[in-house]
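Visitor: Right, I'll just put the structure down here and ask away after.
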């Protein structure tokens with residue numbers, strides 16, 4: 473049994489990917505596949521950054537004060553083209569130097585389908601796993617997050633930049649020829665992309681194939697939640713893990729959306745699981 477503040481799932485890039493759940497301790501999830509799992513909210517939520525108790529979570533796990541003052545909670549994090557570091561108005565210049573004013577990678581991925589995205593650094597594999605992509609291909613390097621965002625926005629005119637979580641948790645996306653797609657996209661956008669500062673197309677590209685620990689996808693596209701007004705318990709037979717989602721027969725629990733929630737995590741017997749399944 474675990475008890476403590478819930479943290480994002482950690483993972484190791486293996487075949488299949490190995491996941492660990494964290495809440496005051498650690499629980500490897502792959503060995504639990506097919507077993508009963510219960511997650512109970514204990515009625516308390518703390519800020520992911522400062523640890524302060526907060527009645528409401530902002531920006532994915534922060535108290536209001538941190539949400540309004542931390543650079544990682546600014547709008548430019550989800551919309552990189554709005555980066556304002558160069559204007560001298562970054563909330564935390566040192567954080568911006570370390571996280572935004574460094575090389576980024578622009579990629580294509582196949583999660584619920586084709587998408588374009590960006591990530592800090594030279595390897596995009598952790599980002600692909602975070603999003604539940606079964607395929608990924610790095611296509612360009614950019615000098616800064618803003619430059620990567622400008623290329624992403626250009627490619628986004630033709631390619632979605634969002635993942636459909638409903639499709640992600642209910643079935644594997646059909647395989648795509650990312651190399652061919654990348655070649656076509658770069659050809660069609662190369663002239664406009666050449667006007668962007670600090671962007672370089674990658675000539676050597678290799679598609680990564682990722683395998684997730686899934687016995688069976690969720691039967692229904694239902695997002696299971698822990699809320700003050702609603703369910704305090706999520707339980708069922710663990711069918712798989714993909715991205716930050718724990719898959720049960722009757723729905724999926726998004727761990728990253730509950731970081732900071734005080735929870736108790738228990739492995740439960742078949743009788744509890746069967747009672748739960750009678751409801752669906």
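In the working numbering, the protein residues as written are 473 to 752. Even glycine gets a Cβ: it sits at the ideal position worked out from N, Cα and C.
What separation, rounded to the nearest whole angstrom, lies between the Cα atoms of residue 596 and residue 603?
Guide: 11 Å
Visitor: Which of helix, strand or coil does DSSP assign to residue 483?
Guide: strand
Visitor: Is the stretch 527–540 close to the stretch 575–585, with three or more CB pairs under 8 Å?
Guide: no
Visitor: Quick check: what's the CA-CA separation for residue 531 versus residue 638?
Guide: Rounded to the nearest whole angstrom, the CA to CA distance from residue 531 to residue 638 is 21 Å.
Visitor: With distances taken between CB atoms, is the gap from residue 599 to residue 575 smaller than 8 Å?
Guide: no
Visitor: Which residue wins for smallest C-alpha separation from residue 592, given the options 572, 547, 630?
Guide: 572
Visitor: Take the Cβ of residue 671 as the centre, count every other Cβ of all protein chains shown within 10 Å, and call the residue buried at 16 or more, exposed below.
Guide: Residue 671 is buried by the Cβ-count criterion.
Visitor: Would you kindly work out how many angstroms separate the C-alpha atoms of residue 675 and residue 606, rounded to a whole number?
Guide: Distance between the alpha carbons of residue 675 and residue 606: 22 Å.
Visitor: Should residue 675 be listed as close to the ligand NAD, given that the test is whether its C-beta is under 7 Å from any heavy atom?
Guide: Within the structure as shown, the ligand NAD is missing, as the structure has no ligands at all.
Visitor: Is there contact here, the stretch 495–512 with the stretch 713–733, by at least three beta-carbon pairs under 8 Å?
Guide: yes
Visitor: I need the DSSP call for residue 689, collapsed to helix, strand or coil.
Guide: coil
Visitor: In chain order, what residues of the same chain lie with their CB nearer than 7 Å to the CB of residue 687, ignoring the 5 residues before and after it?
Guide: 505, 506, 711, 712
Visitor: Note down, one range per segment and in chain order, each alpha helix (DSSP H) of at least 4 residues found wholly within the stretch 641–684.
Guide: Correct list: 650–665.
Visitor: I'd like the list of long-range same chain contacts for residue 630, defined as Cβ closer than 8 Å, with 5 residues on each side in sequence excluded.
Guide: 657, 660, 661
Visitor: What separation, rounded to the nearest whole angstrom, lies between the Cα atoms of residue 726 and residue 480?
Guide: Spanning the two alpha carbons is a distance of roughly 9 Å.
Visitor: Any chance you could list the alpha helix (DSSP H) runs of at least 4 consecutive residues sitting entirely within the stretch 584–637, in chain order?
Guide: 597–603, 617–627
Visitor: Would you report the Cα separation of residue 634 and residue 587, rounded to the nearest angstrom?
Guide: In this structure, the alpha-carbon of residue 634 lies about 6 Å from that of residue 587.
Visitor: Smallest Cα separation from residue 740: which of 549, 734, 705, 714?
Guide: 705
Visitor: Could you pull out every unbroken alpha helix (DSSP H) segment of at least 4 residues lying fully inside the stretch 506–587, listed in chain order?
Guide: DSSP runs (the alpha helix (DSSP H)) wholly in the stretch 506–587: 536–541, 547–550, 565–571.
Visitor: Please confirm whether residue 680 and residue 608 have their CB atoms less than 8 Å apart.
Guide: Cβ distance < 8 Å, so residue 680 and residue 608 count as in contact.
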